[in-house]
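Going down the list, the protein sequences come from chains A and B. Take any residue in the first sequence, note its place counting from 1, add 180, and you have its number in our numbering. Take any residue in the second sequence, note its place counting from 1, add 180, and you have its number in our numbering. What follows is one structure encoded as structure tokens, with my remarks underneath.
Protein chains: 2
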Amino acid sequence: MAATKDPRPCSIADALALVGEKYSLLVLREVCLGNGRFDQLVRNIGAPRDVLAARLRRLVEAGILTKRLYSERPQRFEYRATQAGLELEPVLTTLREWGDRHLRKDTDPPMVVEHSCGSRLVSVVTCQACGGTVRHEDLTARPQAPGWTLSGPVTT
Amino acid sequence: MAATKDPRPCSIADALALVGEKYSLLVLREVCLGNGRFDQLVRNIGAPRDVLAARLRRLVEAGILTKRLYSERPQRFEYRATQAGLELEPVLTTLREWGDRHLRKDTDPPMVVEHSCGSRLVSVVTCQACGGTVRHEDLTARPQAPGWTLSGPVTT
DNA sequence: CTTGCAAAGTTGGGAAAACAAACCCTCACC
DNA sequence: GGTGAGGGTTTGTTTTCCCAACTTTGCAAG
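Written out as structure tokens, the structure is:
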């Protein structure tokens, strides 16, 4: 999807090319919850069956999902996240965090995730090196490949 | 975009409805880098001008970007991220992280982000309560609203 | 044994987006 | 007064999306 011809070499664009199409991340949401069957996905996501079938094919060939047989006769399949797929969960987590915060200011979140430490998960993106919270103003972009033109940091 | 009729109340879906359309997150990438002018966006993202114009309108009315005048005569505009927009940066960060890791295994990342602590940013999603890394197997979903059906946790 | 139902898709046709290229408008500069 | 930049809009074509209906494989009931 995103930018067949993104003029820049960029892992964000590349990632979005795989999982940025409509419904793809919602498929991942469901699969991470254990709802990996076709009809469940159709019901829970609300996607047209043909579009969903196309997304699933794409995600499987990208190595994000696997299709596994859960019944021989009749043949029935189920989709599961691969390791790479599971590692996309942080994207879902940060999206949910943002949505809860900005789109439901005065409402309770419709879905709470509990961390193994016992408390409700409030996710924070941190720097592996220093452990500190990552804030926009603490970041500096350093292009490593040609194609990037920067206008320098912006102070809102 | 994502799911006008998502049968579930979900902040992920709601967030994607705003920023999940093609190019929207790439716009945010550019804007976060300070490249907020229309022609820059067209060049750097590779999107059709009309589509880009539509995305910008939508992001502005969603309160994620603002359009600001940077020259009176001739009138020239520039887009910037609002606070809500900047808070989407973690989504970009986790996407880049995933892309670097899974889509460029043996290549150097085309863009490195440096954290104010001095080292190259490797971002990790952590639990605010315990500070620990968030892993799939440590999470339990707790629906708070009707519409959710779970199949229980899955052990890959 | 044949009707009914479930799961997992596929097919066909119309509606909505995306795309590319050209065009427009305002100003600045030469 | 011609050229060019910036920030879009317009037009016509190509892709997607969307929906409903259909298919296939098997089990189960009547």
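We treat Cβ as the ideally placed atom computed from N, Cα and C, and that holds for glycine. Here the structure is a predicted model, which is why all the values come from computation and not from measurement.
**Message:** For A:Pro-189, list the residues DSSP reports as bridge partners.
**Reply:** Its beta-bridge partners do not exist; DSSP assigns none.
**Request:** Go ahead and label B:Asp-280 buried or exposed: buried means 16 or more other beta carbons lie within 10 angstroms of its beta carbon, across all protein chains shown.
**Result:** buried
**Prompt:** Fully enclosed by the region 221-251 of chain A, which beta strand (DSSP E) runs are 3 residues long or longer?
**Reply:** 245-251
**Request:** Jot down the residue ranges of each uninterrupted beta strand (DSSP E) in the region 275-334 of chain A, minimum 3 residues, whole runs only, in chain order.
**Result:** As summarised for the region 275-334 of chain A, the continuous beta strand (DSSP E) elements at least 3 residues long and confined to that stretch are 291-295, 303-307, 319-323, given in chain order.
**Item:** Own chain residues within Cβ distance below 7 angstroms of A:Ala-227, not counting five before or after
**Value:** Tyr-203
**Asked** Quick one: what's B:Ala-197 bridged to in DSSP?
**Response** The partner list for B:Ala-197 (beta bridge, DSSP) is empty, contrary to what the question assumes.
**B:Leu-236 vs B:Leu-249 beta-carbon contact at 8 angstroms** = Not in contact: B:Leu-236 and B:Leu-249 (Cβ atoms no closer than 8 angstroms).
**Message:** How far does the alpha helix (DSSP H) with B:Glu-210 in it extend, from its first residue to its last?
**Reply:** First-last of the alpha helix (DSSP H) with B:Glu-210: 204-213.
**Request:** Compute the Euclidean distance between the alpha carbons of A:Val-231 and A:Ala-261, then round it to the nearest angstrom.
**Result:** 19 angstroms
**Message:** Using a Cβ-Cβ cutoff of less than 6 angstroms, which residues in the same chain neighbour A:Ala-242 once the five nearest sequence positions on both sides are dropped?
**Reply:** Leu-198
**Prompt:** Comparing alpha-carbon positions, which option in A:Met-291, A:Ala-264, A:Glu-269 lies nearest B:Lys-285?
**Reply:** A:Ala-264
**Message:** Could you check whether B:Arg-322 and A:Val-293 sit closer than 8 angstroms to each other, using their CB atoms as the reference points?
**Reply:** Less than 8 angstroms divides the Cβ of A:Val-293 from the Cβ of B:Arg-322.
**Item:** Candidates A:Thr-287, A:Asn-224, A:Glu-210, of which the one nearest B:Gly-327 by Cα
**Value:** A:Asn-224 is the residue among A:Thr-287, A:Asn-224, A:Glu-210 whose C-alpha sits nearest the C-alpha of B:Gly-327.
**Prompt:** Exposed or buried, A:Arg-357, counting other C-beta atoms within 10 Å across all chains shown (16 or more means buried)?
**Reply:** Nothing in the structure corresponds to residue 357 of chain A, since chain A is present only between 181 and 336.
**Asked** Would you call the CB atoms of B:Cys-190 and A:Cys-310 closer than 8 angstroms?
**Response** no
**Message:** Taking the alpha carbon of A:Leu-266 as the reference point, which residue from B:His-282, B:Thr-287, B:Phe-257, B:Ser-331 has its own alpha carbon closest?
**Reply:** B:His-282
**Request:** Return the chain-ordered list of same chain residues with a C-beta closer than 8 angstroms to the C-beta of B:Asn-215, the five sequence neighbours on each side being excluded.
**Result:** Leu-221, Asn-224
**Request:** Look at the alpha carbon of B:Glu-269 and the alpha carbon of A:Gln-255, and state the distance between them as a whole number of angstroms.
**Result:** 43 angstroms
**Close-in-space but distant-in-sequence residues of the same chain around A:Glu-258 (CB under 7 angstroms, 5 per side omitted)** = Gly-216, Arg-217, Arg-248, Tyr-250
**Item:** A:Glu-269 in three-state terms, based on DSSP
**Value:** Helix at A:Glu-269.
**Prompt:** Cα-Cα, which of B:Leu-239, B:Asp-318, B:Ala-193 is closest to A:His-295?
**Reply:** B:Asp-318
**Message:** Out of B:Glu-252, B:His-316, B:Thr-287, which one is the CA nearest neighbour of A:Leu-301?
**Reply:** B:His-316
**Request:** Inspect the beta-carbon positions of B:Trp-278 and A:Val-271 and report whether they are closer than 8 angstroms.
**Result:** yes
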